[in-house]
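Novice: One structure, as C-alpha cells, below. Some questions next.
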Amino acid sequence: MDYPLAQIALSKFPKAKFVEIEHYKDIFNRPKQHFQIQKSSMKLILAKKTAPFLYPASEMIQEYETPNVFYTTPILNCLYNCDYCFLQGMYPSGNLVIFVNENDFFKSIQEKLKNLENPLKPLVIPISYNTDLMAMENIIPITSNWIKFVRELDNLKIEIRTKSALFSSIENISPPKNVILSWTLSPLEICEKYERTAPPVHRRINSMKSAIEKGWLVRLCIDPVLLIDRWEDKYNRFITDLFREIDGKKLVDITLGVFRMNKDYFNRIRKRESRSDIYYDNYIIENGTVTPPIELRTHAMETLKKHILTIHPKMRILIWE
Ligand code: SF4
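In the numbering used here, each residue's number is its place in the sequence shown (first place is 1) plus 14.
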C-alpha cells in the first residue's frame, strides 16, 4: 500500500470500493472466470510482483538482431480488447493487475545488464508486451517512470508498443536515444471490426506524428496483418495513405507479422466464445502456433514489404516468419 504507484492508483479512484486481498493470484487466477464479462467492467488489482521480472523473448516477436531480448510485465491485461489479442487465451481473468513495486523491476534489469549472453549487443526489452502501457498513462505513470529509469543506462533499449492516442501524456519528456515508441496501426476496416475498443486509427496516427516531430524514435507496427478479403488492396492503400501523412524516412523501422497465436490460447478463446470470425479462418498449427499456411504468409509479407520498399527503398523491415 505504501508504494507510490499504489497511492497514485488509489488517488485516481476515490470512490472505488477497496477490497484487501492476500495475493493477486487468489483473485486473478481463479478458475471459471469469464474473461469477456470481466472486460466489460474491469477491476483494478494492485499487487507486488516477485521474481522473475524478465522473461525470455517470445518466439512471437520479430527478431531484433540481438540474443539479449527479454520481455517484462509491469501490468497484466489491457484496457483495450482487440479480437485477435492473445491475452484472452493467456489469462484466466479480464481484470487488470498493476505491479506497484517498479523498483524491483528496475533492479533486475540492472543485474541483467551485468550478465548478458552477448555483452557486445544491447539488451532489448519490450515493456508493453502483455498490456498497452501508454493507454494507462493518465491513470498510472508507468511509461514515464520507465523512460526516466532507462535514459541513463547504456546498452539497453526498451520498446513501448501501443495503440493509444496518449502521446500527449509523455510529450514533455525529452526523447531518450534508447526508447522506441511503436504504434500498431491497421487499415480502417480492420480497426473498426477487430480493434473497436482502441482509439480510432487517425488519432493513433496523430499521436505518432507528434512523437516523430518531437524527435522520438518511432517504429511502425503493422501486426497482425489479417488476411481478410482483398487484404492486398486494403493494406497497400493504407500504407500509401499513411506515408502521405507521416515522414517514413524518420521511422526507425517497420515490423510486419501475420496473425499467430499459441494453440492452447487459440483453442481456449474459440471454445469460450465465438464473437470473432478471426477464430474460424483457415490456419495451420506450426510448432504449437496457430497461423496461416506458410505460402500465404510468405506471400503476404513479401507483398507488403515490396510495397513499402517502392515508397521507401531504404526502410528497415523486421518480419515475423
Ligand atoms: S492493444 Fe494489444 S494488448 Fe491491448 S487488447 Fe489490443 S492486442 Fe491486446
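Backbone N, C-alpha and C define an ideal beta-carbon position, used for all residues, glycine too.
Because the structure is a prediction, the values reported are computed rather than measured.
1) Taking Cβ to Cβ, would you say P112 is nearer than 8 Å to I141?
2) For the stretch 210 to 223 and the stretch 255 to 271, state whether three or more C-beta atom pairs, one from each stretch, are separated by less than 8 Å.
3) Any idea what DSSP makes of P18, helix, strand or coil?
4) By the DSSP assignment, the alpha helix (DSSP H) with G271 in it spans what residues?
5) For the beta strand (DSSP E) containing R233, name the first residue and the last one.
6) Give the DSSP-derived three-state secondary structure of K46 in the structure shown.
7) For I89, which option in H37, A212 and I154 has the closest C-alpha, if you only look at C-alpha atoms?
8) State the DSSP-derived secondary structure class of W160, mapped to helix, strand or coil.
9) With distance defined between alpha-carbon atoms, name the residue in D97, R233 and I59 nearest to F27.
10) Tell me the start and end of each unbroken beta strand (DSSP E) in the stretch 84 to 168 that is at least 3 residues and wholly inside, in chain order.
11) Among S178, S25, L130 and D118, which one has its Cα closest to the Cα of P81?
12) Taking the alpha carbon of L318 as the point to measure from, which residue in I226, F163, R251 and K264 has its own alpha carbon closest?
13) Should F32 go down as buried or exposed, given a rule of 16 or more other Cβ atoms within 10 Å for buried?
14) Which residues, in chain order, sit with a beta-carbon under 5 Å away from any heavy atom of ligand 1?
15) Straight-line CA distance for T211 to Y94?
16) Please state whether DSSP places K277 in a helix, a strand or coil.
17) What are the boundary residues of the alpha helix (DSSP H) that V304 is part of?
18) Taking W245 as part of the alpha helix (DSSP H), name the residues at either end of that continuous run.
19) If contacts are defined as beta-carbon pairs under 8 Å, then F84 and I139 qualify, I think. What distance do you get, rounded to the angstrom?
20) Does S72 come out as helix, strand or coil in the three-state DSSP assignment?
21) Assuming contact is defined by CB atoms lying nearer than 8 Å, are E151 and S158 in contact in what I supplied?
22) Look at the Cβ atom of L195, then the Cβ atom of N169, and state whether they are nearer than 8 Å.
23) Are the Cβ atoms of V239 and L270 separated by less than 8 Å?
24) State the DSSP-derived secondary structure class of E185, mapped to helix, strand or coil.
25) Specify, as a first and last residue, the run of the beta strand (DSSP E) that L60 falls within.
26) If you draw a straight line from the C-alpha of K177 to the C-alpha of V215, how long is it?
27) Could you compute how far the alpha carbon of H313 sits from the alpha carbon of N296?
28) Is the distance from the Cβ of G108 to the Cβ of D278 below 8 Å?
29) Which residue marks the beginning of the beta strand (DSSP E) containing L332, and which one marks its end?
30) Please list the terminal residues of the continuous alpha helix (DSSP H) segment that includes S224.
31) Let me make sure I understand the geometry here. Which of E206, P189, C205 and L199 has the alpha-carbon closest to that of L231?
32) Taking the alpha-carbon of F280 as reference, which of I299, K263, D267 and V272 has the nearest alpha-carbon?
Specialist: By the coordinates alone:
1) Residue numbering aside, residue 112 sits at position 98 when the sequence shown is read from its first letter. Residue numbering aside, residue 141 sits at position 127 when the sequence shown is read from its first letter. The sequence given here has Ile at residue 112, not Pro. No, the pair does not count as a contact, with Cβ atoms beyond the cut-off.
2) yes
3) Within the sequence shown, residue 18 is the residue found at index 4, counting from 1. Reduced to three states, the DSSP call for P18 is helix.
4) Translated into positions along the sequence shown, residue 271 becomes position 257. Run containing G271: none in the alpha helix (DSSP H); it sits in the beta strand (DSSP E), D267 to V272.
5) Here the question's residue 233 lines up with position 219 in the sequence shown. Note, R233: beta strand (DSSP E), L231 to V239.
6) As a position in the sequence shown, residue 46 is number 32, starting the count at 1. It is coil, neither helix nor strand.
7) Stepping through the sequence shown from its first residue, residue 89 is reached at position 75. When each option's Cα is compared against that of I89, the closest is I154.
8) Sequence index remark: in the sequence shown, residue 160 carries index 146 (1-based). Note: W160 maps to helix in three-state DSSP.
9) Along the sequence shown, one-based indexing puts residue 27 at 13. Here the closest residue by C-alpha is I59.
10) 110 to 113 and 137 to 140
11) Translated into positions along the sequence shown, residue 81 becomes position 67. Residue L130 is the option with its Cα nearest to P81.
12) The sequence position of residue 318 within the sequence shown is 304, counting from 1. Taking only the C-alpha atoms, the option nearest L318 is R251.
13) Within the sequence shown, residue 32 is the residue found at index 18, counting from 1. With fewer than 16 other Cβ atoms within 10 Å, it is exposed.
14) C92, Y94, C96, C99, D146 and K177
15) On the sequence shown, residue 211 is found 197 positions in, with the first residue counted as 1. On the sequence shown, residue 94 is found 80 positions in, with the first residue counted as 1. About 5 Å.
16) Counting from 1 along the sequence shown, the entry for residue 277 is found at position 263. Helix.
17) Looking up residue 304 in the sequence shown gives position 290. Taken as a continuous stretch (DSSP letters only), V304 belongs to no alpha helix (DSSP H), being part of the beta strand (DSSP E) at T303 to T305.
18) Reading the sequence shown from its first residue, position 231 is the one you call residue 245. Where W245 is concerned, the enclosing alpha helix (DSSP H) stretches over W245 to E259.
19) Within the sequence shown, numbered from 1, the residue matching residue 84 stands at position 70. Within the sequence shown, numbered from 1, the residue matching residue 139 stands at position 125. Right, the Cβ-Cβ distance comes to about 5 Å (below 8 Å), so this counts as a contact.
20) Residue 72 sits at position 58 when you count from the first residue of the sequence shown. In this structure, S72 counts as coil in the three-state DSSP scheme.
21) Residue numbering aside, residue 151 sits at position 137 when the sequence shown is read from its first letter. Residue numbering aside, residue 158 sits at position 144 when the sequence shown is read from its first letter. Contact flag set, yes.
22) Start at 1 with the first residue of the sequence shown, and residue 195 comes out as number 181. Start at 1 with the first residue of the sequence shown, and residue 169 comes out as number 155. Against a cut-off of 8 Å, the Cβ pair of N169 and L195 comes out as no contact.
23) Indexing the sequence shown from 1 puts residue 239 at position 225. Indexing the sequence shown from 1 puts residue 270 at position 256. Cβ atoms of V239 and L270: closer than 8 Å.
24) Looking up residue 185 in the sequence shown gives position 171. Of the three classes helix, strand and coil, the one that applies to E185 here is coil, per DSSP.
25) Position 46 of the sequence shown, counting from 1, holds the residue named residue 60. Where L60 is concerned, the enclosing beta strand (DSSP E) stretches over L58 to A61.
26) Position 163 of the sequence shown, counted from the first residue, corresponds to residue 177. Position 201 of the sequence shown, counted from the first residue, corresponds to residue 215. Cα to Cα, the separation comes out at about 8 Å.
27) Your numbering for residue 313 matches position 299 in the sequence shown. Your numbering for residue 296 matches position 282 in the sequence shown. Cα-Cα distance, rounded: 15 Å.
28) Here residue 108 refers to the residue found at position 94 of the sequence shown. Here residue 278 refers to the residue found at position 264 of the sequence shown. Result no, Cβ atoms of G108 and D278 do not sit closer than 8 Å.
29) On the sequence shown, residue 332 is found 318 positions in, with the first residue counted as 1. Counting along the chain, the beta strand (DSSP E) containing L332 begins and ends at I331 to I333.
30) By one-based count along the sequence shown, residue 224 stands at place 210. Unbroken alpha helix (DSSP H) run through S224: V215 to E227.
31) As a first step, residue 231 must be located in the sequence shown, where it is residue number 217. Ranking E206, P189, C205 and L199 by Cα distance to L231 puts P189 first.
32) The residue you call residue 280 lines up with position 266 of the sequence shown. Nearest option by C-alpha distance: I299.
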